[in-house]
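The sequence shown begins at 346 in the numbering used here and counts up one residue at a time.
Ideal Cβ placement from N, Cα and C applies to all residues, glycine included.
Here the structure comes first, spelled out in structure tokens, and everything after it is commentary.
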Amino acid sequence: MCTLCTPTSREYIICYTTHIMNNFSLLLNNLKHKNILGVNPPVFDFAYFDFWAKPLGLLYILEYLRKHENNVSLLDCIYEGRDKPKGFGRYKPQRKQIKKPTPYQHIPRKYYHFGITEEAFEEKLSQIQQPDLILLTSGMTYWYLGVKWCIDRLKKFFPHTPILLGGIYAQLCPEHAQTLGADGVQTEPFLLESPFPALDLYEEPEYGIIMTSRGCPLHCEYCASKKLWPTYRQRSLKEIMREITFQDGISSVKDMAFYDDALLINKERHFYPLCNELQKNFHHLHYHTPNGLHVREIDETCAHYLRETGFKTIRLSLESTDPVIQQASSSKVSDHQYVKAVENLLKAGYTHHDIETYILIGLPEQSYQSVYNAISFVRSLGATVKTAEYSPIPGTVMFEDCAKKFPLLKEEPLYQNNTAYCGYISEDIAPEELQQLKNLAHKGS
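This is the structure we're talking about:
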């Protein structure tokens with residue numbers, strides 16, 4: 346590393362980052378008494394829904410840095426742009442129609458900027474003390490235009506402050522991420538240990554967020570969990586309770602969303618003890634599982650725990666009734682297991698409307714009839730269908746299959762958008778057929 350750079354300078358941080366090959370963990374471990382700004386960018390897309398979405402990784406990092414004597418602040422462009430309440434702490438974000446980028450010109454749908462407006466964003470920046478470092482996170486790969494939007498404006502206000510880019514997009518598309526203008530790109534998962542996410546940096550957060558485990562033990566061919574978290578690890582009950590206790594101490598928090606990919610795995614030793622503690626100490630909170638639960642784990646006991654603990658949002662990961670697709674989903678659920686799970690949830694006191702089930706649309710080689718059969722199967726049991734349009738994710742088996750047919754997926758992340766790929770790029774299901782399937786899924790809901 347360059348010995349001429351002082352530890353407080355922009356050059357030092359850039360030089361240090363270069364020499365440690367973008368290992369932000371080493372860099373952040375050496376920061377003290379700095380002003381650090383965390384930024385969650387707006388979303389540029391055809392649609393955006395708040396499924397209890399908060400930048401959890403960024404919040405952990407900010408709390409770690411605060412614990413190590415740094416002054417930290419947060420500018421969440423989605424939170425600052427919230428509009429109408431949607432229940433259980435969620436909000437519908439503000440949106441403004443914007444010009445579609447070139448890859449989307451042929452798509453007959455409107456394209457939006459979701460979140461804080463440009464005027465409000467720049468007003469917020471004008472009120473912020475000059476930061477020594479900016480940490481910018483990222484979400485979906487095809488949301489990178491919002492990241493670029495942030496970088497351009499951050500550099501305008503703070504031209505001498507290094508910007509370090511991390512998050513999902515940065516990890517899955519590292520080469521592309523390095524073209525956006527950030528001073529460093531974090532391409533690997535952070536190794537920092539933080540006691541809890543810095544949720545108190547929000548003015549009045551309506552809900553808390555928790556991950557009781559990292560990664561997933563399964564190997565679904567369409568999922569990037571293994572790429573983002575190579576090792577599956579369940580956290581200790583002590584860690585989890587400390588985190589929930591901190592967030593529950595914020596008076597505005599009434600709900601808690603679990604971000605786990607595999608919440609019910611090893612349930613007798615992990616989930617049930619957690620539920621006992623939640624019932625004992627946090628019975629006033631409502632709990633939600635937006636990522637979907639492993640169906641085969643929901644026996645009568647598990648369903649009872651979910652109901653008695655206060656889990657209000659139950660989303661099941663069925664994906665498909667097609668045996669080939671079920672195999673690509675690590676054979677994690679069979680039709681029979683799904684039927685039993687629904688029966689157990691109803692017996693525990695949930696209604697048919699409560700039991701929401703994810704069905705994937707647009708997987709490679711997936712036919713209209715295959716999706717139709719899955720939706721009809723779920724509806725025949727009275728459960729609620731939640732369609733999820735497939736997005737090709739870099740680093741997954743299915744992405745490589747898709748890229749063989751459409752090589753531009755590797756060059757331009759915008760083509761990875763689920764609306765663009767499922768409705769207008771993939772040739773397996775026509776746009777009008779896709780709409781028919783959505784209508785069937787939502788019929789009567």
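Straight-line Cα distance separating residue j from residue i
i: E588; j: I406; result: 14 Å
i: T666; j: V687; result: 15 Å
i: T348; j: E664; result: Reliability fails at T348, whose pLDDT of 36 lies under 50, so the model's placement of it is uncertain and the value that follows must be treated cautiously. For T348 and E664, the distance between alpha carbons rounds to 55 Å.
i: N621; j: L651; result: 11 Å
i: H521; j: I496; result: 14 Å
i: A765; j: K755; result: 15 Å
i: D545; j: Q592; result: 8 Å
i: L373; j: L410; result: 7 Å
i: Q516; j: K412; result: 26 Å
i: G727; j: R498; result: 49 Å
i: H505; j: Y713; result: 53 Å
i: N763; j: Y449; result: 12 Å
i: P758; j: G491; result: 13 Å
i: K501; j: K625; result: 50 Å
i: F391; j: G594; result: 36 Å
i: P453; j: Y769; result: 10 Å
i: F389; j: E425; result: 15 Å
i: P438; j: G460; result: 6 Å
i: E584; j: P540; result: 7 Å
i: D428; j: V669; result: 42 Å
i: R724; j: A733; result: 16 Å
i: I792; j: H378; result: Since the first residue shown for the chain is 346 and the last is 790, residue 792 is missing from the structure and cannot be characterised.
i: L470; j: D395; result: 24 Å
i: Q472; j: W494; result: 19 Å
i: W574; j: Q474; result: 34 Å
DSSP three-state assignment for residue i, whether helix, strand or coil
i: N621; result: helix
i: M601; result: strand
i: A693; result: helix
i: S674; result: coil
i: P519; result: helix
i: Q442; result: strand
i: E772; result: coil
i: K399; result: coil
i: Y424; result: helix
i: R614; result: coil
i: N784; result: helix
i: Y393; result: coil
i: L779; result: helix
i: F466; result: helix
i: E701; result: strand
i: R791; result: The structure shown does not extend to residue 791, since the chain is modelled only from 346 to 790, so the question has no answer here.
i: L382; result: strand
i: I473; result: coil
i: R374; result: What sits at residue 374 in the sequence shown is Asn, not Arg. Note: N374 maps to helix in three-state DSSP.
i: I554; result: strand
i: H633; result: strand
i: I706; result: strand
i: L609; result: coil
i: L544; result: helix
Same chain only: Cβ atoms within 8 Å of residue i, ignoring 5 sequence neighbours per side
i: M366; result: With a pLDDT of only 38 at M366, under 50, the local geometry of the prediction cannot be trusted, and the value read off the model is given with reservation. Here the set comprises nothing.
i: E468; result: none
i: R641; result: K677, V678, S679, Q682 and A686
i: S558; result: Y577, R578, Q579, R580, D605, D606, A607, L608, I610 and H615
i: N793; result: Since the first residue of the chain shown is 346 and the last is 790, residue 793 is not available in this structure.
i: I720; result: I704, V730, T732, L782, L785 and A786
Cβ-Cβ separation, residue j to residue i (assumed contact under 8 Å), whole Å
i: V598; j: E551; result: 7 Å
i: R440; j: H458; result: 7 Å
i: P542; j: S483; result: Going by Cβ atoms, the distance from P542 to S483 rounds to 17 Å, so no, they are not a contact pair.
i: Q761; j: P776; result: Not really, about 18 Å apart at Cβ, beyond 8 Å.
i: Y514; j: T486; result: 5 Å
i: L509; j: L537; result: The Cβ separation is near 13 Å, so there is no contact.
i: L582; j: L619; result: 6 Å
Residue i CB to nearest heavy atom of the ligand SAM below 7 Å
i: F603; result: This structure does not include the ligand SAM; it has no bound ligands of any sort.
Beta-carbon contacts of residue i that lie in its chain and below 6 Å, excluding the five residues immediately before and after
i: K399; result: I554
i: V716; result: I706 and L782
i: T654; result: C620, L623 and Q624
i: F744; result: P737 and I738
Cut-off 7 Å between Cβ atoms - residues of its own chain near residue i, not counting five sequence neighbours on either side
i: L401; result: P542, I554, M556 and Y604
i: M586; result: E622
i: A602; result: W397, Y552, I554, H633 and P635
i: N689; result: I643, D644, E645 and A648
i: L403; result: G383, N385, L480 and T482
i: C518; result: T486, P739 and P758
i: K312; result: There is simply no residue 312 to check, as the chain begins at 346 and stops at 790 in what is shown.
Any chain D beta carbon closer than 8 Å to residue i
i: I700; result: Although the question refers to chain D, the structure presented lacks it and comprises just one protein chain.
Fill in: Length-filtered (4 minimum) alpha helix (DSSP H) runs lying within the segment 558–606
Given a length threshold of 4 residues, each whole run of the alpha helix (DSSP H) inside the segment 558–606 is given here in chain order: 570–573 and 582–593.
Worksheet entry | Complete beta strand (DSSP E) runs within the segment 477–528 (minimum length 3 residues, chain order) | 478–481 and 508–510
Practice prompt. With a floor of 4 residues, list each alpha helix (DSSP H) that falls wholly inside the segment 709–767, ordered by position along the chain.
Written response: As far as the segment 709–767 is concerned, its whole alpha helix (DSSP H) runs of at least 4 residues are 713–725, 742–750 and 753–756.
Fill in: Every unbroken beta strand (DSSP E) within the segment 636–675, with a cutoff of 3 residues, ordered by chain
656–664
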